[in-house]
Amino acid sequence: MPFREGQQFEVAQKQETLGHQIEFKVAEFIGGSFDCVEDIELTENGGQNDKKGIDLIITFEDGSKMAVDVTADVGSRVEEKIKSMRRSPLVGVMEERDEQGKVAVAKSKSLVPRALIRADIAKWEEYNIEKTDQEVIVYMPDDVRLREEKDILRQLLRQIEYFSKEDTEYKKKTESIKEMLKGALEEVEELEKEFS
Numbered sequence: 217m218p219f220r221e222g223q224q225f226e227v228a229q230k231q232e233t234l235g236h237q238i239e240f241k242v243a244e245f246i247g248g249s250f251d252c253v254e255d256i257e258l259t260e261n262g263g264q265n266d267k268k269g270i271d272l273i274i275t276f277e278d279g280s281k282m283a284v285d286v287t288a289d290v291g292s293r294v295e296e297k298i299k300s301m302r303r304s305p306l307v308g309v310m311e312e313r314d315e316q317g318k319v320a321v322a323k324s325k326s327l328v329p330r331a332l333i334r335a336d337i338a339k340w341e342e343y344n345i346e347k348t349d350q351e352v353i354v355y356m357p358d359d360v361r362l363r364e365e366k367d368i369l370r371q372l373l374r375q376i377e378y379f380s381k382e383d384t385e386y387k388k389k390t391e392s393i394k395e396m397l398k399g400a401l402e403e404v405e406e407l408e409k410e411f412s
């Protein structure tokens, strides 16, 4: 899947644990799958943003951002994370620099809406995703790729609906994101019909 012209994905390959590998794979997968995604920044493992439950920051084509926690947890652990996000669905992103001193994660000018993506560790462990030049290669069957795309989009849309009910600022900051994700979901569902 080629990147659109102008997309700049610089995801550091710090993959100390399986969980970190899954975060990296999900970040690359999202960047290579959805045209509405302009950029993805992967936070430093154990860094200030990671401690806030931010694994990656997605920048959409309209410039809006979303701070995402990628988790392989199940059941009550996921519920605990959602409850924590519900208490503060907006978060400030801190600047992070790489080993060369280059900004790896930009500081947010304002609070950013949060979201959680649950990735099934057993499945994502077997998926291979590779970035070469301006192309992301996803080594999974097309029907599986479409199913994973649909799952991620539905998770994000459900959370936007959920958090927007109680937080007007969150709702305001996610209105355009919601529309872009809905459009991406419609595209995936149309492609899915071709494979069924």
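Quick note on numbering: my numbering labels position 37 of the sequence shown as 253, and the sequence is numbered without any gaps. All residues carry an ideal CB built from backbone N, CA and C; glycine is no exception.
> What three-state label does DSSP hand R220 in the structure shown?
Replying inline: The residue labelled residue 220 in the question sits at position 4 within the sequence shown. Residue confidence is low: R220 scores 38 on pLDDT, short of 50, so the model does not pin down where it sits. No coordinate-derived value is stated.
>> Across the segment 242-254 and the segment 335-350, are there enough close Cβ pairs to call them in contact, namely three or more that are closer than 8 Å?
In response: yes
>> Just to confirm the assignment, what range does the beta strand (DSSP E) spanning E257 have?
In response: Taking the first residue of the sequence shown as 1, we reach residue 257 at position 41. Note, E257: beta strand (DSSP E), 253-258.
>> Beta-carbon within less than 7 Å of V321's beta-carbon, same chain only, minus the 5 sequence neighbours each way: which residues are those?
In response: Here residue 321 corresponds to residue number 105 of the sequence shown, with the count starting at 1. Correct list, in chain order: E257, T259, N265, I273, V309, E311, E312.
> Where do the ends of the beta strand (DSSP E) carrying A320 lie?
Replying inline: As a working note, residue 320 is residue 104 in the sequence shown. Residues 319-321.
>> Whole angstroms are fine: how far does the CA of I270 sit from the CA of G262?
In response: Mapped onto the sequence shown, residue 262 falls at position 46. Mapped onto the sequence shown, residue 270 falls at position 54. C-alpha separation (whole angstroms): 10 Å.
>> For a test of the three-state rule: what should DSSP assign to M266, helix, strand or coil?
In response: Your numbering for residue 266 matches position 50 in the sequence shown. Looking at the sequence provided, one finds Asp at residue 266 rather than Met. Three-state result, D266: helix.
> Around the Cβ of K267, are there at least 16 other Cβ atoms within 10 angstroms (buried) or fewer (exposed)?
Replying inline: As a first step, residue 267 is located in the sequence shown; it is residue number 51 there, counting from the start. Answer is exposed; the Cβ neighbour count stays below 16.
> Can you tell me whether DSSP reads M282 as helix, strand or coil?
Replying inline: Taking the first residue of the sequence shown as position 1, residue 282 is located at position 66. Residue state, collapsed to three classes: strand.
> Going along the chain, which residues of its own chain have a beta-carbon closer than 8 Å to the beta-carbon of D289, five neighbours each way excluded?
Replying inline: Here the question's residue 289 lines up with position 73 in the sequence shown. Excluding positions up to five away in sequence, the list reads K297, R334.
> What runs of the alpha helix (DSSP H), each 4 residues or longer, lie entirely inside the segment 350-410?
Replying inline: 358-380
>> Helix, strand or coil for A243? Go by DSSP, reduced to three states.
In response: For this step, residue 243 is matched to residue 27 along the sequence shown. Three-state DSSP puts A243 in a helix.
>> Beta-carbon within less than 7 Å of D358's beta-carbon, same chain only, minus the 5 sequence neighbours each way: which residues are those?
In response: Position 142 of the sequence shown holds residue 358. Hits under 7 Å: F411.
> If you count every other CB in all the chains shown that lies within 10 Å of the CB of Q375, and 16 or more means buried, which is it?
Replying inline: Within the sequence shown, residue 375 is the residue found at index 159, counting from 1. When all chains shown are included, Q375 counts as buried.
> Per DSSP, L327 forms a beta bridge with which residues?
Replying inline: In the sequence shown, the residue the question calls residue 327 occupies position 111. Partner(s): none; L327 has no beta bridge.
> Which stretch, first to last residue, makes up the alpha helix (DSSP H) that contains E346?
Replying inline: Sequence index remark: in the sequence shown, residue 346 carries index 130 (1-based). First-last for E346: 344-348, but that is the beta strand (DSSP E), not the alpha helix (DSSP H).
> Which partner residues does R313 have in the DSSP bridge list?
Replying inline: In the sequence shown, the residue the question calls residue 313 occupies position 97. Per DSSP, V319.
> Whose CA, out of T275, A243, Q237, F240, lies closest to the CA of S392?
Replying inline: Start at 1 with the first residue of the sequence shown, and residue 392 comes out as number 176. Answer by Cα proximity: T275.
>> Suppose the cutoff is 6 Å on Cβ atoms and the five residues either side in sequence are ignored; what does the same chain contact list for P305 look like?
In response: Working through the sequence shown from its first residue, we reach residue 305 at position 89. If we look at P305 and ignore the five residues flanking it on each side, its Cβ neighbours are R330, F379, D383, Y386.
> Where D255 and M282 are concerned, what is the direct C-alpha to C-alpha distance, given to the nearest angstrom?
Replying inline: For the purposes of this step, residue 255 is taken as residue 39 along the sequence shown, with counting starting at 1. For the purposes of this step, residue 282 is taken as residue 66 along the sequence shown, with counting starting at 1. Cα to Cα, D255 sits roughly 11 Å from M282.
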